[in-house]
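Engineer: Below are the structure tokens for one structure; questions will follow.
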Ligand code: NAD
Ligand code: MLT
């Protein structure tokens with residue numbers, strides 16, 4: 030008999046399924062914390078939770094009984110995945126169950142803002158009949174900016190189109206053709222949409238790139254009277270900037286469902302005119318909760334009774350022996366994916382060419398590792414070997430692979446080619462020794478660069494003084510250079526070249542601008558990769 034613990038409130042339909050499942054017995058224990066939580070978990074084979082319980086390393090470490098935790102919902106921020114992986118616990122989620130409800134919440138908040146719903150009702154409760162004060166605005170004919178065109182973003186788009194709104198969308202993983210089919214005018218940067226939109230809604234995960242995505246400089250570019258909605262994750266809008274924007278009249282309304290710190294019962298925004306806030310209710314509908322509960326129970330019972338793993342966010346479908354033999358190349362593939370995402374966003378298609386001895390192995394998992402690297406920064410769900418290719422497909426990014434058994438310059442190598450609407454980039458990686466990932470070619474330039482840490486990549490004319498000049502600027506801005514590689518076009522001097530520096534710290538935007546201003550430099554960008562030896566949780570031994 031497998032024992033299951035339900036750690037947060039779960040819809041009755043899910044509990045009924047648990048009760049009916051053969052070979053499963055369950056207990057509901059909500060509100061557990063600390064030692065109570067840690068100790069109770071040791072008595073169960075599987076757990077189901079929502080966002081209430083916190084499953085951090087101190088709770089999971091040393092648990093040799095628990096095999097799986099299923100999150101009834103999308104975000105697994107409340108579960109420490111590396112700790113779960115280390116403890117051999119599969120973490121699964123239900124990515125689509127609450128999509129429609131959250132999209133409806135975003136639309137509800139947009140309409141509520143437009144028609145002053147909350148303050149108008151409040152005025153009635155306070156005995157006032159104030160029709161003039163609450164003049165609203167119509168959404169039909171207005172422009173909505175949608176940042177993040179994944180599951181929820183696209184559901185919002187479909188609903189806003191039915192409200193006769195014009196849609197400007199931004200998502201680095203959406204192609205122009207697909208956007209056009211969906212009725213979205215795709216822009217290339219968030220900045221491009223800002224002067225045009227009457228409303229903005231965000232539907233991205235919270236990442237380094239999306240934190241403070243809308244801050245003071247972005248507000249300045251917007252129309253006076255813009256209205257902002259966030260049902261994704263707190264921190265994407267800078268809350269202090271929202272307060273300033275409301276005070277100055279730049280912003281007419283802010284609607285939030287999510288906050289930097291949750292629970293949040295005290296915010297300078299609460300009570301300000303033009304603000305409507307809800308306590309993280311996006312997924313709080315009977316339908317969404319039923320769906321995520323039923324899906325979560327299905328995932329857990331399937332796993333416990335048949336070993337099937339679906340929607341896993343932390344495990345690789347590999348047996349330990351294969352993982353060990355491929356670990357170096359899995360690492361290169363993953364890093365090459367992250368590198369290519371940094372070289373060029375908006376991939377429409379990818380081609381991977383495996384060459385040499387590596388073609389005798391299971392290159393499918395290498396392809397999955399590359400895909401995971403390519404998407405990792407952009408998606409809310411953790412991308413791993415299990416889910417990466419499916420996520421590429423869902424985003425309409427075509428993936429092709431080729432194997433060539435001849436060795437070329439290295440005994441094994443993999444080349445990644447990504448194509449966008451405008452351009453194609455190509456990079457080749459290999460492993461030196463057992464575990465040293467290297468970039469050996471980029472866009473036709475041969476080189477030997479470390480694929481780790483902070484990379485500064487610049488294209489330049491191959492004339493004297495470039496490396497020295499870049500080095501001097503780095504020095505002036507206090508950035509230490511760890512390694513350096515230069516590749517020449519067709520290996521001929523005095524043509525064009527690419528330089529790659531491994532820096533000890535990310536250069537400031539001023540330092541980068543100084544480098545870009547050098548006469549012989551045509552482009553410069555920074556790409557952050559994991560430090561050498563840092564592997565994603567699903568690749569750790
Ligand atoms: P998803 O993974 O399907 O979509 C996220 C999209 O964001 C992807 O298409 C990705 O390409 C895009 N993206 C990533 N970085 C970007 C950037 N810098 N700029 C523009 N686009 C970027 O996720 P989803 O299921 O649609 O969920 C979206 C968000 O909503 C997540 O943060 C999720 O945790 C949150 N959520 C909130 C609630 C709620 O109750 N309020 C409920 C469900 C989900
Ligand atoms: C999610 O990640 O699924 C949402 O934020 C909703 C929730 O936590 O209930």
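Numbering (my numbering), first residue to last: 30 to 570.
Even glycine gets a Cβ: it sits at the ideal position worked out from N, Cα and C.
1) Between the alpha carbons of residue 533 and residue 562, how many angstroms are there, rounded?
2) Once the 5 residues before and after residue 7 are set aside, which same chain residues still bring their CB inside 7 Å of it?
3) Can you tell me whether residue 335 is buried or exposed, with buried defined as 16 or more other CB within 10 angstroms of its CB?
4) Mapping DSSP to helix, strand and coil, what is residue 570?
5) Helix, strand or coil: which one does DSSP assign to residue 68?
6) Strictly by DSSP, which residues pair up with residue 122?
7) Let me know if residue 514 comes out buried or exposed under the rule of 16 or more other beta-carbons within 10 Å of its beta-carbon.
8) Which class does residue 143 belong to by DSSP, given the choice of helix, strand or coil?
9) Should residue 199 be counted as a contact of the ligand NAD given a C-beta to heavy atom distance under 7 Å?
10) Could you give the first and the last residue of the continuous alpha helix (DSSP H) run that contains residue 503?
11) Tell me where the alpha helix (DSSP H) around residue 205 begins and ends.
12) Go through the region 148-223 residue by residue and report every complete run of the alpha helix (DSSP H) that reaches 4 residues or more, in order.
13) Taking residue 586 as the reference, give the member of 457, 377 and 464 with the closest Cα.
14) Need the endpoints of the beta strand (DSSP E) that residue 229 sits in, please.
15) Consider the C-beta atom of residue 259 and the heavy atoms of the ligand MLT; say whether any pair is separated by less than 7 Å.
16) Could you pull out every residue in the same chain whose Cβ sits closer than 8 Å to the Cβ of residue 64, ignoring the five residues on either side in sequence?
17) Looking at C-beta atoms only, is the number of pairs between the region 88-105 and the region 116-127 that lie closer than 8 Å three or more?
18) Taking a contact to mean a Cβ-Cβ separation below 8 Å, would you say residue 398 touches residue 359 in this structure?
19) Entirely within the region 291-335 and at least 4 residues each: give me those alpha helix (DSSP H) ranges in chain order.
20) The ligand SAM heavy atoms versus the CB of residue 218: any closer than 7 Å?
21) Determine contact between the region 64-79 and the region 291-309, defined as no fewer than three beta-carbon pairs at a distance below 8 Å.
22) Contact defined as beta carbons within less than 8 Å: I believe residue 428 pairs with residue 400. What is the distance between those atoms, to the nearest angstrom?
23) Less than 8 Å between C-beta atoms, sequence neighbours within five positions excluded: which residues of the same chain meet that for residue 209?
24) By DSSP, does residue 73 sit in helix, in strand, or in coil?
25) Residue 549 by DSSP, collapsed to three states: which one?
26) Using a Cβ distance threshold of 8 Å, determine whether the region 290-300 contacts the region 146-166, with at least three qualifying pairs required.
27) In three-state DSSP terms, what is residue 114?
28) With DSSP collapsed to three states, give me the class of residue 288.
29) Return the residue from the list 166, 462, 517 and 432 that minimises the CA-CA distance to residue 473.
30) Using a threshold of 8 Å, state whether the C-beta atoms of residue 445 and residue 381 are closer than that.
31) Starting from residue 255, follow its DSSP beta bridges and name the residues at the other end.
32) Quick one: what's residue 457 bridged to in DSSP?
33) I'd like to check one pair, residue 130 with residue 317: are the Cβ atoms closer than 8 Å?
34) At the level of alpha carbons, what is the spacing between residue 470 and residue 211?
35) Helix, strand or coil, according to DSSP, for residue 41 in the structure here?
36) Helix, strand or coil, according to DSSP, for residue 385 in the structure here?
Structural biologist: In terms of the structure at hand:
1) 16 Å
2) Any answer about residue 7 is impossible in this case: the structure gives the chain only from 30 up to 570.
3) With fewer than 16 other Cβ atoms within 10 Å, it is exposed.
4) Confidence is the limiting factor: at residue 570 the pLDDT is only 49, short of 50, which leaves the residue's position unreliable, though a coordinate-based value still follows. It is coil, neither helix nor strand.
5) helix
6) 100
7) Buried, by the Cβ-count rule.
8) The three-state secondary structure of residue 143, taken from DSSP, is helix.
9) yes
10) 495-505
11) 205-210
12) 180-191, 205-210 and 219-222
13) Past the boundaries of the shown model lies residue 586; the chain is included only from 30 to 570, so the question cannot be answered.
14) 228-231
15) no
16) none
17) yes
18) Taking 8 Å as the Cβ cut-off, residue 398 and residue 359 qualify as a contacting pair.
19) Runs found: 315-335.
20) The model depicted lacks the ligand SAM and carries the ligand NAD and the ligand MLT instead.
21) No: the two stretches stay apart, fewer than three of their Cβ pairs being nearer than 8 Å.
22) 7 Å
23) 215
24) coil
25) coil
26) no
27) helix
28) coil
29) Checking every option, the nearest Cα to that of residue 473 belongs to 517.
30) yes
31) 280
32) For residue 457, which the question treats as bridged, DSSP gives the partners 444 and 470.
33) yes
34) Linking residue 470 to residue 211 through their CA atoms gives a straight-line distance of about 37 Å.
35) helix
36) strand
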